[in-house]
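Working notes for the structure below.
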Amino acid sequence: MRHVRLVILAVAVLCLIGKGLLDKTVRAQSLTAELEAEGAASLASAARERGNAVRGAILFPQQVIGCANCHAPGGKDLLGPDLGEMGPEATDVYLAEAMLYPSKVIRKEFKSVTVITRAGRKYAGRVIDRAGDNVVLRLIASDRRLITLPKREIEELVPNPKSSMPDGLVDQLTNRQQFLDLLKYMMEIKAAGPSRSTGELTPPAGGDVDAKLWGLVLLDEFQCAACHGNVAAKSSIPAKQAPKLAWAAGRINPNYIERFIAAPAQVKPGTTMPDAMGTLDTDARRAAAQEITHYLVSLGRVSHGDASFQMQPLDRAAAQRGSELFHSIGCVACHSPRGENGVERLPTRSVPLGKIEQKYNVNGLIAFLEDPHSVRPSGRMPNMQLSHWEAIDIAHYLLIKPSGQIEPVSSFRLDRTLAEKGKSQFRRLGCGQCHVDLINQDQSQRNDIQHSDRDYPSFANPPLAAVRTDQGCLSGNVGAWPRYDLDESQRSAMRDAIQREPTELTDRQQIALTLATYNCVTCHQRGELGGVSPERDEYFQTTNPNLGPQGRIPPRLTGVGAKLKPKWMRQVLVSGRTIRPYLLTRMPQYGADNVAHLVDLFQNVDRLPELTFAGFTDLKQMKKSGSELAGTGGLNCIACHTFQQRPAATMSSVDLTEMAERLHKNWFHRYMLDPQRLSTNTVMPSFWPGGRAIRKDILDGDTDLQVEAMWQYLLDGRQARSPRGLVRKPIELVARDEAVMLRRRYQGIGKRGIGVGYPNQINLAFDAEQMRLAMIWKGKFADPGGVWRSQGHGTVRPLGRDLFRFAVGPELDDAVNPWPVDEGRPPQHQFKGYDLDSLQRPILKYRFDSIDVEDYPIDVRDEAAGTVLIRRTLTFMSKRVRPNVLFRAATDPNIVSEDNGTFLIGKSLRIRIDDKHRGQIVKTPEGRQLRIPLDIGQGKSTLVIEYAW
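Taking my numbering, I'd label the letters of the sequence shown as residues 14 to 962.
Here's what the structure looks like:
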């Protein structure tokens, strides 16, 4: 047993050595003690001779030692001095001693204090400003934020005898060489002097949302324009729409609907839904709520069939996973974090969820989480881009009770008479002013409760500018008007907005208004507006702590228009493109109609002075120099940055090959010279401190030429030549006696890819976002190194040969009204999971419209031909006849029909369709397309397709 323990210990030590977490020699004393014994003068001399400034530059910002947190070049009001601005006293030996003995010499302006308040709280930090009535303090705590304390609240201010730089910090380094590298880089910063100015480096900020702008946000949130028209100011933001009520049937508990209609603010405090029945007594109110509920349920039966509401069982394991997701991916940026018993921890500063377990069943909440804009098109509840499995887990978490019991459901039977009365009540109470989806419903719906536009008359309300703000909705009194759950500060802001002269908002105001409307400011900071609040900070996490705050906090929007090109910005806002896989908080999607206007606004407002860039004559040589700088023999950019989706060795920051596609050249040049000034708290090293190049052997040490060479090299994007040191040995997943499956991101598929390697050396990848076969190939299966080396956020690389890619877009679709293909999720399609057969081959399950599909691809050996093919059996199950369905089998410029239902796709792929179906070759803008027309009958039917190549 003792021998086993020794072996385990030895293996553990070797693993730590391999990861660089332990030096390869086990020390009897700390690194600090070893270096102190050698002496500062000897270390300074060794650093001059053998230190590597590039490696030191990479170490300088890493959070394990965190030098840049307090000494960032160009930093302002930090805990420690800017090394480039230190005087002649900062010799090489002085710098070495400062690292080993932080408290030996502390400059007066950088001495720390402890502030004790009259309430007994203690704050340790550096005093930045004590003029006037306040003391501004830079905290020593982990976030190192600035705080302002009124002097009247301070009991005592005590000087600290020790430096804010902790003793033994050098022990966080691996070995003596790292100390020498770091010291050499600090020498370079000192020698370079103050940061080189490139003009105004901080673009105009967004500013605060003033009271009148905040009032406009509230006028929109409470949909005042639905009755009064919006004439307070012209905004780029589309008017908020109320939820689509026909969706609710079968998904929301009818008993909850009835209680909510009767008393909105009581059932869900903080709701924007008004009480429209202020003049009704208790009995009349209860009756009207019951009648409207029956009316709404009747509408649901038309829109999506059987609308009976049933509770599904809850899974405690799924709820646990859902809790982790809810508190990490960004849900709690708007909604309150919840305790173990489901109690909201921050109810007063959060968007309320109410008693959500009384409202939804599991299936209803899953449907809402997967596609919130189908119900709430105005984007206030954004699409968090959840996978189907994630939506399931979060739904279980939000609906489960601490006891595990399911919310009881009272029986409900639709009463057509009550529904008819409910339609009249809905009209009489003015519900259609906001819920316009019912007005626009197609009158050809098969429903015995008919309605038309005349059922929803326009109410004679004064325009907003003519409203008397001390009466009606803003009075707080009960009367023949909607009563909103408003506090006095909200009423005051809305009155200010109504009483302002109708004016065009400036671009800057439009930005601030949009960011406030969609709550972007709970994650992003723009100037002094917004940012992550201290009470929510702990919920913003990262997969790589080495990246520091920028690895877990969403990027600042200050000057974002000067940074990002408009095309890229639109892809982020509208198409969900992301580049920060280490950031657990997700960028939500609000809908193109709601936020696309921000692209032009940011570009118009955020400007930087133009620079003159270095000229050159030999483009080929410039790109070669750029490649040299990016590689391990230059500035070693690939140590921290992904390249062509291949993860870096240390932290896998944003992909180098996307830089030129994303960034304005003007911004890139400035950022290279002074990263901290444009991106506070970045871990990006400064390789040109003070404007002086560290690598003087490349392009003669010309700073501007080196930065220009990097830019010219990066302009090649994904086609850029691989820099030195990038290529690493691949990892191979092997299918032996059973299939191997890997659910991860694949190139051209996205994060919902499902790769399958079959024992017969044939492979496929399925896109569970768009329900399509995405690619097939032969030979070796896949290299998961891109995923495994980047905490699950990289890309799987198919190995093998003869890879064939299929076009984007769902294979199964409506022949009359097909989905306009893009990179998103088709609205009528839903992935439902998979089963595995005895050989671990997946049976993929998904749904299109009313059709349930089981998609079962297997590997088949064709003994006669001596080849292996994929046979795919699709089983369709439908409760009713569904005509006019098509199956897109392939798209290619060259498709030729052969014998026996076989089609040649391109030069080598042959697709054979079973005898029950016939393929058609159709010309499309993308090329020729092989389609299989389908009329899905009631019950079960099949389609068999074979792929041989």
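Glycine included, every Cβ here is placed at the ideal spot set by N, Cα and C.
Legend entry - Selection from Ser248, Ser249, His537 and Lys253 that minimises the alpha carbon distance to glutamate 965: Any answer about residue 965 is impossible in this case: the structure gives the chain only from 14 up to 962.
Inset, instruction - Measure the C-alpha to C-alpha separation of leucine 816 and proline 870 and round it to an integer number of angstroms. - result: If I take the Cα positions, the gap works out to 17 Å.
Inset, instruction - Could you pull the start and end residues of the alpha helix (DSSP H) that tryptophan 10 belongs to? - result: Since the first residue shown for the chain is 14 and the last is 962, residue 10 is missing from the structure and cannot be characterised.
Inset, instruction - Kindly indicate which residue of Ile566, Ala733 and Asn773 has the alpha-carbon position closest to the one of serine 692. - result: Of Ile566, Ala733 and Asn773, the residue nearest in Cα terms is Ile566.
Inset, instruction - Check isoleucine 945 in the structure and name its three-state DSSP category. - result: Residue state, collapsed to three classes: strand.
Inset, instruction - Specify the secondary structure class of glutamate 867 as computed by DSSP and reduced to three states. - result: Three-state result, glutamate 867: strand.
Legend entry - Contact under 8 Å by Cβ, proline 812 with lysine 793: In the sequence under discussion, the amino acid at residue 812 is leucine, which differs from the proline named in the question. In this structure, leucine 812 lies near lysine 793, with their beta-carbon atoms less than 8 Å apart.
Inset, instruction - Measure the beta-carbon distance from aspartate 927 to leucine 956 and round it to whole angstroms, keeping in mind my assumption that it falls under 8 Å. - result: Right, the Cβ-Cβ distance comes to about 7 Å (below 8 Å), so this counts as a contact.
Inset, instruction - Helix, strand or coil for valine 491, going by three-state DSSP, please let me know. - result: Here valine 491 sits in coil by DSSP.
Inset, instruction - Classify proline 579 as buried or exposed, calling it buried when 16 or more other Cβ atoms lie within 10 Å of its own Cβ. - result: Proline 579 counts as exposed, since fewer than 16 other beta carbons sit within 10 angstroms of its beta carbon.
Legend entry - Terminal residues of the beta strand (DSSP E) in which isoleucine 592 lies: Neither: isoleucine 592 is in no beta strand (DSSP E) and is coded neither H nor E.
Legend entry - Run of the beta strand (DSSP E) containing aspartate 789, from where it starts to where it stops: Residue 789 is actually isoleucine in this sequence, not aspartate. Segment 785 to 791, the beta strand (DSSP E) holding isoleucine 789.
Legend entry - Residue environment, leucine 849, which counts as buried when at least 16 other CB atoms sit within 10 Å: The residue is exposed, with fewer than 16 neighbouring Cβ atoms inside 10 Å.
Legend entry - Nearest candidate by alpha-carbon position, reference methionine 664, set Gly770, Gly932, His654 and Asp520: When each option's Cα is compared against that of methionine 664, the closest is His654.
Inset, instruction - Output yes or no for whether 8 Å exceeds the beta carbon distance between phenylalanine 339 and isoleucine 407. - result: Yes, these two residues count as a Cβ contact at 8 Å.
Inset, instruction - Starting from asparagine 396, follow its DSSP beta bridges and name the residues at the other end. - result: Here asparagine 396 is bridged, per DSSP, to Gln602.
Legend entry - Residue interval of the beta strand (DSSP E) (run including tyrosine 136): Tyrosine 136 -> beta strand (DSSP E) spans 135 to 142.
Inset, instruction - Whole angstroms is fine: what's the gap from alanine 903's alpha carbon to proline 475's? - result: C-alpha separation (whole angstroms): 58 Å.
Inset, instruction - Quick one: give me the first and last residue of the beta strand (DSSP E) that threonine 915 is part of. - result: 915 to 918 is the span of the beta strand (DSSP E), which, as asked, contains threonine 915.
Legend entry - Nearest residue (CA-CA) to arginine 860, options Ser891, Arg157 and Gly704: For the options Ser891, Arg157 and Gly704, the alpha carbon positioned closest to that of arginine 860 is the one of Ser891.
Inset, instruction - Kindly list the residues whose CB is nearer than 7 Å to the CB of glutamate 782, restricted to its own chain and excluding five residues on each side of it in sequence; keep chain order. - result: Here the set comprises Gly763, Arg765 and Arg838.
Inset, instruction - Kindly indicate the opening and closing residues of the alpha helix (DSSP H) around glutamine 843. - result: That residue, glutamine 843, is in no alpha helix (DSSP H); its beta strand (DSSP E) goes 842 to 849.
Inset, instruction - Grab the span of the beta strand (DSSP E) containing serine 954 for me, first residue to last. - result: Looking at the DSSP string, the run of the beta strand (DSSP E) that includes serine 954 is 952 to 961.
Legend entry - arginine 931 versus glutamate 911 - alpha carbon distance: Between arginine 931 and glutamate 911, the C-alpha separation is close to 12 Å.
Inset, instruction - Please state if the CB of phenylalanine 73 and the CB of proline 2 are separated by a distance shorter than 8 Å. - result: Nothing can be reported for residue 2: it is not among the residues displayed for the chain, which extend from 14 to 962.
Legend entry - Cβ neighbours of glutamate 517 in the same chain (closer than 7 Å, five flanking residues each side left out): Same-chain partners within the cutoff: Lys247.
Inset, instruction - Count the other CB atoms, across all protein chains shown, that sit within 10 Å of the CB of lysine 845; report buried if there are 16 or more and exposed otherwise. - result: Label assigned to lysine 845: exposed.
Inset, instruction - Please confirm whether leucine 92 and isoleucine 167 have their CB atoms less than 8 Å apart. - result: No; because the gap between Cβ atoms is not below 8 Å, this pair is not in contact.
Inset, instruction - Express the C-alpha separation of arginine 659 and lysine 742 in angstroms, rounding to a whole number. - result: Distance between the alpha carbons of lysine 742 and arginine 659: 12 Å.
Legend entry - Beta carbon of isoleucine 856 nearer than 8 Å to that of isoleucine 949: Contact: no.
Inset, instruction - Closer than 8 Å by C-beta to serine 546: which residues in its own chain qualify, once you throw out the five before and the five after it? Chain order, please. - result: Within the same chain, serine 546 has close Cβ partners Arg362 and Thr535.
Inset, instruction - Work out the CA separation of aspartate 498 and alanine 506 for me, nearest whole Å. - result: Taking the CA atoms as reference points, alanine 506 sits about 14 Å from aspartate 498.
Inset, instruction - Check whether the Cβ atoms of proline 736 and glycine 644 lie closer than 8 Å to each other. - result: Against a cut-off of 8 Å, the Cβ pair of glycine 644 and proline 736 comes out as a contact.
Inset, instruction - Let me know the secondary structure DSSP gives threonine 530 once reduced to three states. - result: In the displayed model, threonine 530 falls within a helix according to three-state DSSP.
Inset, instruction - Answer yes or no: do glutamine 523 and leucine 614 have a C-beta to C-beta separation smaller than 8 Å? - result: In this structure, leucine 614 lies closer than 8 Å to glutamine 523 by Cβ.
Legend entry - Where glycine 564 falls: helix, strand or coil (DSSP): Three-state result, glycine 564: helix.
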